[in-house]
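For the sequence shown, my numbering gives the first residue as 60, with consecutive numbering after it.
Here the structure is laid out as structure tokens; the discussion comes afterwards.
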Amino acid sequence: MLLSDTVKQLLFSLADGHFHSSAELAKDKHISRSAIWKHLQYLSTLGLELIAVSGKGYKLPFPLQLLEINKINQFVNAHSANLIHKIELHDIIDSTNNYLLKHAKDSKDSGWICIAEHQTAGKGRRGKSWVSPFGHNIYFSILWYYQDSPSALSGLSLALGVAVVKALQEFGLKEIGLKWPNDVYVNEKKLAGILVEVSGESSGPCHAVIGLGLNFYLSPKQADHIDQPWTDLYSILGSDSYTGRNKLIGLLLSHMLPTIANFSVIHLQNYINEWRLYDCMQGKEVTLRIGNQSYLGQVLGIDDQGLLQLAMQQQDNSDHSICSFSSGEVSLRV
Ligand code: BTN
60 MLLSDTVKQL
70 LFSLADGHFH
80 SSAELAKDKH
90 ISRSAIWKHL
100 QYLSTLGLEL
110 IAVSGKGYKL
120 PFPLQLLEIN
130 KINQFVNAHS
140 ANLIHKIELH
150 DIIDSTNNYL
160 LKHAKDSKDS
170 GWICIAEHQT
180 AGKGRRGKSW
190 VSPFGHNIYF
200 SILWYYQDSP
210 SALSGLSLAL
220 GVAVVKALQE
230 FGLKEIGLKW
240 PNDVYVNEKK
250 LAGILVEVSG
260 ESSGPCHAVI
270 GLGLNFYLSP
280 KQADHIDQPW
290 TDLYSILGSD
300 SYTGRNKLIG
310 LLLSHMLPTI
320 ANFSVIHLQN
330 YINEWRLYDC
340 MQGKEVTLRI
350 GNQSYLGQVL
360 GIDDQGLLQL
370 AMQQQDNSDH
380 SICSFSSGEV
390 SLRV
């Protein structure tokens, strides 16, 4: 779904992050002040945070760079540009992953990319929702077809974690960590997450929809429902980072697409040592939750198959046993 031209124009005016009075906006857009107020109310319902100060008007808490396909494409390198079949930008969508999953049955074209400014039903791992206010962050998904069986794609999300770290490094971020299986961490807080959804015949072919959510700017109010430590690029790099939203999507696509396209040939083994370099949980005492079960242990790292290895704490403090896990949610024990 696309926003109306008037709402888009209003957004362009507010994008500088400065105050604008409703009288100025009304004059500029040739509409009444009450119409401006209604449009601004509508933008708030999409999750866009607006600051209103009497006598001054309205402003955004940050300078907004709206997403534009041509600006994104400027930062996609030539090799990755060749891997893109179709790239779509939606103002509002339920979930970019759901959108591509719906289309996956009718299309056989790898490299379909769906980007959104706002998701009304953004999905996280393990049935959680992903907070997706308009214009604040990055939300996109990539559809890819494989001749292989779904099991051949195990470890794809770990390999993609490495690709995301490289894109962020190119963007200027330092000290980035990966938390098993596919969270991107900075300063022990989550900055981004990857959701890979694979379906197909057990002996192949299959398709994968790879979704990435990355926080650029989240207010504590918006993050109210997030049940784990979180961070955003605004807190790490400052307000200037915000004007690089198109650039960062371009860099992410440049690094992620080759990993996705080559995964049936270049498997996890080729990424595993690099993943271990960024492992920010190694040696830490953690709780691993799988459904209603909790396991306490110390993270030893990941094995060659990408499984999490924990030195399990025995109740009687006798020798530790080592267990490998293929799923679950890790959290630091404090
Ligand atoms: C996680 O829980 O860490 C994974 C989060 C993945 C969120 C992204 S946002 C774009 C894409 N569309 C969705 O509905 N989810 C993914």
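Built from N, CA and C at the ideal position, the CB exists for glycine as well.
Note that this is a predicted model, so its numbers are computed, not measured.
Return yes when at least one heavy atom of ligand 1 lies under 7 Å from the C-beta of Tyr198, else no. What you label residue 198 is simply residue 139 of the sequence shown in a count that begins at 1. Correct: Tyr198 has its Cβ closer than 7 Å to ligand 1.
Would you say Lys238 touches ligand 1, meaning its beta carbon is less than 7 Å from a heavy atom? Residue numbering aside, residue 238 sits at position 179 when the sequence shown is read from its first letter. Outside the cutoff, so no.
For ligand 1, is there any heavy atom lying closer than 7 Å to the beta carbon of Lys164? The residue given as residue 164 occupies position 105 in the sequence shown. No, Cβ of Lys164 sits at least 7 Å from all heavy atoms of ligand 1.
Using the three-state DSSP reduction, which class does Tyr276 fall into: helix, strand or coil? Locating residue 276 in the sequence shown gives position 217, where the first residue counts as 1. Three-state result, Tyr276: coil.
Pro122 and Glu108: beta carbons closer than 8 Å? To locate residue 122, count along the sequence shown from 1; it is residue 63. To locate residue 108, count along the sequence shown from 1; it is residue 49. Contact flag unset, no.
By DSSP, does Arg392 sit in helix, in strand, or in coil? For this step, residue 392 is matched to residue 333 along the sequence shown. Here Arg392 sits in coil by DSSP.
With a threshold of 7 Å, establish whether the CB of Ser154 neighbours any heavy atom of ligand 1. In the sequence shown, residue 154 corresponds to position 95, counting from 1. Checking the Cβ of Ser154 against ligand 1 gives yes.
Whose C-beta lies closer than 7 Å to the C-beta of Met340 among residues of the same chain, with five residues either side of it excluded? Against the sequence shown, residue 340 aligns to sequence position 281. So the list reads Lys238, Trp239, Val358, Val389, once near-sequence residues are dropped.
Element boundaries [alpha helix (DSSP H), containing Gly170]: Within the sequence shown, residue 170 is the residue found at index 111, counting from 1. Counting along the chain, Gly170 falls outside any alpha helix (DSSP H), and DSSP gives it neither H nor E.
Tell me, please, which residues DSSP counts as bridged to Arg348. For this step, residue 348 is matched to residue 289 along the sequence shown. DSSP lists Ser353, Glu388 as partners of Arg348.
Any non-hydrogen atom of ligand 1 within 7 Å of Ile253 CB: Here residue 253 corresponds to residue number 194 of the sequence shown, with the count starting at 1. Under cutoff, so the answer is yes.
Between the region 286-298 and the region 248-265, do three or more beta carbon pairs fall short of 8 Å? A contact between stretches requires three or more CB pairs, one per stretch, nearer than 8 Å, and the region 286-298 meets this requirement with the region 248-265.
Rounded distance between the beta-carbons of Leu366 and Ser353, thought under 8 Å: Taking the first residue of the sequence shown as 1, we reach residue 353 at position 294. Taking the first residue of the sequence shown as 1, we reach residue 366 at position 307. Between Leu366 and Ser353 the Cβ distance is about 18 Å, and since that is not below 8 Å, they are no contact.
Is Lys130 helix, strand or coil by DSSP? On the sequence shown, residue 130 is found 71 positions in, with the first residue counted as 1. Lys130 falls in the helix class under three-state DSSP.
Please give me, in chain order, every unbroken run of the alpha helix (DSSP H) with length at least 4 that falls completely inside the region 160-236. 215-230
Is the beta carbon of Arg184 within less than 7 Å of some heavy atom of ligand 3? For the structure depicted, ligand 3 is absent and the ligand set comprises only ligand 1.
Here's the rule I'm using: 16 or more other beta-carbon atoms within 10 Å means buried, otherwise exposed. How should Asn156 be labelled? One-based indexing of the sequence shown puts residue 156 at position 97. The residue in question, Asn156, is buried, as its Cβ has 16 or more Cβ neighbours within 10 Å.
So if DSSP puts Cys382 in a beta bridge, which residue, or which two residues, is it bridged to? In the sequence shown, counting from the first residue as 1, residue 382 sits at position 323. BP columns for Cys382 point to Leu369.
Pairwise C-alpha distance: Val255 and Cys382: The residue you call residue 382 lines up with position 323 of the sequence shown. The residue you call residue 255 lines up with position 196 of the sequence shown. Roughly 24 Å between the two C-alpha positions.
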